[in-house]
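In this note's numbering, the protein residues as written are 68 to 252. Quick reminder that beta carbons are idealized off the backbone N, C-alpha and C, glycines included.
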């Protein structure tokens, strides 16, 4: 496999991204999977999905977490609704992200990813910033116990701000899943 193979976003049940058959027909060798609904995150479904990937010769590179209530309608809505940043949904989403990591483990996938949201432009000692650092550490620690890395979909932060956040989280299994489209945010 190439060092940087082309991949596409796909899903099991949400209708997001490209269907596996289309990826196969186009010769796309890898996918990032949008995590399915909780009720379908079962061992049986994981086994069936892995068999289908094997049949098509497609490699799963990441399982991507998304949450109910997220909206990319405009920048202010994105800031209020995406990822682990919104305080009202943070605890439930962190729990769900850990469940998604557990499902990714069933899929033998060592990368879990998510849009973390708009990280406050701040530093340690600011309660809003500290809360995002703490929840990211918590999810990283769960992923580490599963032998997984956590990739943050990002791009809207400054390079300095992102590097500071990664340093403040201080986990060796935290990486960036860079999305250039986010630079317009």
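Remark: C-beta atoms of residue 103 and residue 126 do not approach each other more closely than 9 Å.
Residues of the same chain with a CB within less than 6 Å of the CB of residue 182, apart from the 5 flanking positions on each side, are 149, 150 and 220 in chain order. Nearest C-alpha to residue 242 among 122, 137 and 177: 177. Judged by DSSP secondary structure, residue 211 falls within the alpha helix (DSSP H) whose first and last residues are 194 to 212.
Around residue 210, the same chain offers 168, 179, 216, 217 and 240 as residues with beta carbons nearer than 7 Å, after the five sequence neighbours per side are excluded. When 212, 171 and 232 are compared, the shortest CA-CA separation from residue 201 is found for 232.
Pairing residue 161 with residue 206, the inter-Cα distance amounts to about 7 Å. When DSSP states are grouped into helix, strand and coil, residue 133 belongs to the coil group. Under DSSP, residue 177 forms no beta bridge with any residue.
For residue 113, the uninterrupted alpha helix (DSSP H) segment begins and ends at 110 to 123.
Close CB contacts of residue 75 within its chain, under the 7 Å cut and outside five residues either way in sequence, are with 84, 85, 90, 95 and 98 (chain order). In terms of CA proximity to residue 134, 163 leads the group 118, 163, 88 and 123.
Contact between residue 199 and residue 152 holds, since their C-beta atoms are separated by about 6 Å, short of 8 Å. In the DSSP annotation of this structure, the continuous segment of the alpha helix (DSSP H) that includes residue 234 starts and ends at 226 to 236. Residue 114 is a Cβ neighbour of residue 173, given a cutoff of 9 Å. Cβ neighbours of residue 131 within its own chain (closer than 6 Å, five residues either side excluded): 99, 101 and 180. Excluding sequence positions up to five before and after residue 203, its CB lies within less than 6 Å of the CB of 236, all in the same chain and listed in chain order.
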